[in-house]
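Chains as they are written, first to last, in our numbering: chain L, 42 to 537; chain R, 5 to 274.
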């Protein structure tokens, strides 16, 4: 008898415990992430989620406006001469989360660390032109360059860490020491990160929920309050109809494309590349699969970018013309063009690849689809093991990407010209743009270059995917930014 | 004994669709962007999937996949398993000892886990699924065949055959196998059900057929992503899978009752 009483007490107790665990009334605002952040050290972080979270934890010297032009952030700058820049820190800047004041010594320590070859920072190569950094006083420092580059201020976007942390070798991944609007509260497990907003102590919890359906359900149940991107359009449309959550979207600038391998002799022929271009119905893919504010793309830089070309005439979907071009290149039903198409095993990517496969089949191109897990796929692409593949460039800001991707000297490991595209005219344009003495002239040269690339098609441009966010209705103040960052969290609040 | 008409009909339909599928005017891989995720009734009986392909057509194609895999895996593993089990029991000695140990080792692994590991190593693809499931599947047949052989090999007619100098393979094929075939046939039926489920499981994990080929498991996987929006995408292959597996199992049960002479004699089925 006593056993039974004990047992029921035990069951009651555990039920109570489970119930109390699921209560979520501690006032946290929860953000659902589709991929977990890897590193909270801005000197090393490269993945998109980490970069977005690091913007909350650290400040940067410069930032970008909506046209991707550099603007002052932590510091104003003036160009002393073609090789020297002076940066003056804003007087109203925040202190580090430890309470210490951010000075020019911290800036120097951060950049010196990144530039030191033995630290192997992935950001070193873009900053290698820095020859020397001199601290003038607490608020002022000078950068000296080894060669002139009018875009230099736009390279200084790495989060500033405290000099003390650098000297003491503190592990910033678990103990971030920045001056951003947020500070780290706890990182209890890989998929759950708690940040605290410094001015009002509001806690934000970033929860990694890989599965789309689960993330949607958790939002509807109120277990998370905000999610951004990475949901199929059908789920977003369903969420639009739900009470209690609101959905909003905006145009983005992340560029999706099909990469081609120029060592493949079929693809070295421009007619064939054009045939591919005309065979893909980007409009209807955008309309039926991507939807919303996704835009068909013509080049790696979006038209609103300061170096973007608004005048490029889009390629039309024209299967007839595609077949004609293939015929001229010597392909027909008896001798069809055969290609293998690599994509990541992400279901959404496979879905798009399957549709493209069929559209290419309609003009007589036989495409074999190969999907690998992300690591294998990305490794193959970087090593040039592909015929065609699809991928996106995320967070493209500086037009430097054009050298990195299309210059014939940027073949891996020196860059990302993975298809070994070689065009002497494009090479010369890139080099000339880099020595241009004004930003305006540089922009004009890049626009010309984009036109050349659009004619020559080293990539098949697809689209710029939209950004969207779904938030619960009691959450106010969340805005979407052009590059999909989470900066507006510093103004978000819960209103009952 | 009452015949299970319904399960028989389901299995027959499954087999017919699988065999005749290639001659039917199907369009399982034709993508219609305009009909993405349309509900059943609007143009296609079972609606369209996330690429605007008719689900009924893909279901029939999937029936062929599961049927082919089931037939191949069961025949392969039955042949290998029965041969090994019978020979092992008949010959005995150290050979039997080694084989029993090998069987024990295989039994110690959870079958589907071993199949996942195998399919993972060999890479996805329907042929590799057949191989992976056969590697796991032969053990059951081997154990059953061995146990049955042990119980019949001391019988008089076997002793008579031996004393007349009959060759070993003749004894095994003429005097042993016919006697032990009944439980093996039943085992094969249950094997079919298990293989259908395993194939669906492997395809669900992405280790089975590759797109654009279709399998019920991969259809369920694709459908699960849209479960909140369009449940028909996961319901259709799910129900088909359940019906076929249930029917095969019911048939197996019935077959066991029919073949077990002891039950028939005592008349427990009245």
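Here a beta-carbon is modelled for each residue, glycine too, at the ideal position from N, C-alpha and C.
If you're wondering where the values come from, they're calculated on a predicted model, not measured in any experiment.
By the Cβ neighbour-count rule, residue 396 of chain L is buried, with 16 or more other Cβ atoms within 10 Å of its own. DSSP places residue 242 of chain L in no alpha helix (DSSP H); its state is neither H nor E. For residue 145 of chain L, no CB of chain R lies under 9 Å from its own CB, so it is not counted at the interface with that chain.
Contact annotation, residue 339 of chain L with residue 495 of chain L: C-beta distance approximately 6 Å; criterion of less than 8 Å satisfied.
If you draw a 10 Å sphere on the C-beta of residue 509 of chain L, you find 16 or more other C-beta atoms in it, and that means buried. Collapsing the DSSP output to three states places residue 319 of chain L in a helix. With fewer than 16 other Cβ atoms from the protein chains shown falling within 10 Å of its own Cβ, residue 177 of chain L counts as exposed. Contact annotation: the segment 300-314 of chain L touches the segment 481-501 of chain L, with at least three C-beta pairs closer than 8 Å. Of all residues in the segment 391-406 of chain L, only 391, 392, 395, 396, 398 and 399 place a beta-carbon less than 8 Å from a beta-carbon of chain R. Just so you know, the alpha carbons of residue 182 of chain L and residue 188 of chain L end up roughly 18 Å apart. Within the segment 376-413 of chain L, the alpha helix (DSSP H) runs of at least 4 residues that lie entirely inside it are, in chain order, 388-403. In the structure shown, the three-state DSSP call for residue 435 of chain L is coil. Below the 8 Å Cβ cutoff, chain R contributes 229 as neighbours of residue 253 of chain L, in chain order.
As computed with DSSP, residue 178 of chain L is found in a beta bridge with L:181. Nearest CB-CB separation between residue 40 of chain R and chain L: below the 9 Å threshold. If the five residues before and after residue 242 of chain R are omitted, its C-beta is found closer than 7 Å to the C-beta atoms of 224, all from its own chain and listed in chain order. In this structure, the beta-carbon distance from residue 267 of chain L to residue 259 of chain L does not fall below 9 Å.
Against chain L, the CB of residue 226 of chain R has a partner CB under 9 Å away; the residue lies at that interface.
Against chain L, a Cβ distance below 9 Å from residue 233 of chain R picks out 273, 275, 276, 278 and 279. At a cut-off of 9 Å between beta-carbon atoms, residue 329 of chain L makes contact with chain R. By the criterion of at least three beta-carbon pairs nearer than 8 Å, the segment 19-36 of chain R is not in contact with the segment 521-530 of chain L. By the criterion of a C-beta distance shorter than 6 Å, residue 136 of chain R is surrounded in its chain by 119, 122 and 123, once the five residues flanking it on both sides are discounted.
For residue 300 of chain L, the three-state secondary structure derived from DSSP is strand. Listed in chain order, the positions of the segment 8-37 of chain R with a beta carbon within less than 9 Å of a beta carbon of chain L are 33, 34, 35 and 37. Spanning the alpha carbons of residue 368 of chain L and residue 429 of chain L requires a straight line of approximately 20 Å.
Under the 9 Å criterion on CB atoms, residue 215 of chain R is classed as interfacial with respect to chain L.
The three-state reading of DSSP puts residue 502 of chain L in strand, counting E and B together.
The three-state secondary structure of residue 284 of chain L, taken from DSSP, is coil.
If you draw a 10 Å sphere on the C-beta of residue 146 of chain R, you find 16 or more other C-beta atoms in it, and that means buried.
Counting C-beta pairs with one atom in each stretch, the segment 218-238 of chain L and the segment 68-88 of chain L have three or more that are closer than 8 Å, which means they touch. Listed along the chain, the chain L residues whose CB falls inside 7 Å of the CB of residue 54 of chain R are 392.
Residue environment: residue 347 of chain L is assigned as buried (16 or more neighbouring CB atoms within 10 Å of its CB, all protein chains considered).
Within the model, the alpha-carbon separation for residue 33 of chain R versus residue 359 of chain L is close to 22 Å. For residue 189 of chain R, the uninterrupted alpha helix (DSSP H) segment begins and ends at 181-208.
Chain L places a beta carbon closer than 9 Å to that of residue 210 of chain R, counting this residue as a contact. Looking at the backbone, the Cα of residue 128 of chain R and that of residue 116 of chain L are separated by about 54 Å.
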